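Encoded as structure tokens, the structure appears first; notes follow it.
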Amino acid sequence: MVSTTDVLGNISATGSYGLDSTVFIEFDSGQQTGDNAITNRIMLRCQSVSIATNKRANSTPIPFSGIIRGEATNIVLDLGMVSKTVSIGGGVIHDQIISRRHGTDGSVVNVSMTAYEIAQLLHSSIDSSFAQRDQNLSTLYVLYPSRVGDGYTYHAGVDETTEHAELPLIPFTWASRSADQTNTLGASDFPDPTTSLTNIKGISGYIDTFSTDFQPGGLVTYSLSFNETLNISLL
């Protein structure tokens with residue numbers, strides 16, 4: 595269980611390799627048991643996260659309904675189609691530790707990269723495809739404080755008075771709580787704060803647009819748009 599206080603405590607830490615941002619993106623090669631929290635992940639500091647859920651439903655006016663009822667009526671054909679996007683604004687890239695696992699032996703390399711190097715890494719990764727698992731960025735994580743779990747009960751050790759900074763963090767997904775999943779089949783599980791950071795489920799998809807501005811003093815500002823999709827991998 596990770597809280598906002600835990601994340602803030604890692605920002606100035608050295609050598610701990612813990613999460614120092616509640617927003618981060620993961621390479622398609624993913625994590626393995628025993629990895630530290632940042633292995634195959636890039637932390638994304640930002641000022642805002644905009645989440646859009648756009649329902650694709652066709653609404654059609656019913657002919658003559660206004661004549662008969664004195665009130666026109668529309669009918670909608672809902673085929674369960676929705677587009678989902680996440681946009682990150684006010685993003686700033688700082689120097690950070692990049693932890694990567696390469697090779698058949700699964701060894702991990704931890705290096706301190708400049709903001710410019712990380713920007714280039716992100717651009718080159720977006721330039722890849724699903725065929726390059728070590729290069730392709732396929733999962734976005736947005737962690738947020740949560741009081742209420744899957745069964746509409748408070749998480750362990752949490753009540754209505756618990757401060758936001760001490761609440762457990764869970765990843766944003768479009769999963770509903772189990773009590774709300776009537777007439778569904780194969781629905782996703784609602785996030786559990788006791789799940790390890792290696793096994794948490796984020797938002798699968800791809801980066802649609804990524805733009806950067808190289809600033810003096812070792813900073814890079816950026817904006818990013820991410821589309822949620824069902825990813826397909828060759829391996």
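One gets our numbering by counting positions in the sequence shown from 1 and adding 594 to each. Each residue gets a CB set at the ideal place from its N, CA and C atoms; glycine is no exception. Model, not experiment: these values are computed from the prediction.
With respect to Asn630, Val702 sits close: the two C-beta atoms are nearer than 9 Å. For Lys678, the CB contacts under 6 Å within the same chain, skipping 5 residues up- and downstream, are Thr647 and Glu822 in chain order. With respect to Pro765, Thr598 sits apart: the two C-beta atoms are not nearer than 9 Å. By the neighbour-count criterion, in which a residue is buried when 16 or more other Cβ atoms sit within 10 angstroms of its Cβ, Gly796 is buried.
Secondary structure note for Tyr710: it is in no beta strand (DSSP E), and the uninterrupted alpha helix (DSSP H) holding it is Ala709 to Ile720. Note that the C-beta distance between Leu638 and Ser623 is not below 9 Å. Short of 6 Å from the beta carbon of Lys649, and not among the five residues preceding or following it, lie these beta carbons of its own chain, in chain order: Val676.
Tyr735 counts as buried, since no fewer than 16 other beta carbons sit within 10 angstroms of its beta carbon. If the five residues before and after Asp807 are omitted, its C-beta is found closer than 6 Å to the C-beta atoms of Thr815, all from its own chain and listed in chain order.
If you compare the alpha carbons of Gln775, Gly700, Val686 and His758 with that of Ser817, the shortest gap goes to Val686.
Burial check for Gly745: the Cβ neighbour count within 10 Å stays below 16, so the residue is exposed. According to the DSSP secondary-structure assignment, Met637 is paired through a beta bridge with Phe618. The continuous alpha helix (DSSP H) containing Leu602 extends over residues Thr598 to Asn604. By the C-beta criterion, the region 769-783 is judged not to be in contact with the region 747-760, since fewer than 3 inter-stretch pairs fall below 8 Å. Here Ala759 carries a helix assignment [DSSP, helix/strand/coil].
Here DSSP, grouped into helix, strand and coil, assigns Ala773 to helix. Taking C-beta separations shorter than 6 Å and ignoring five residues to either side along the sequence, the partners of Asn704 in its chain run Ile691 and Ser693, following chain order.
For the pair Leu716 and Leu731, the CB atoms are nearer than the 9 Å cut-off.
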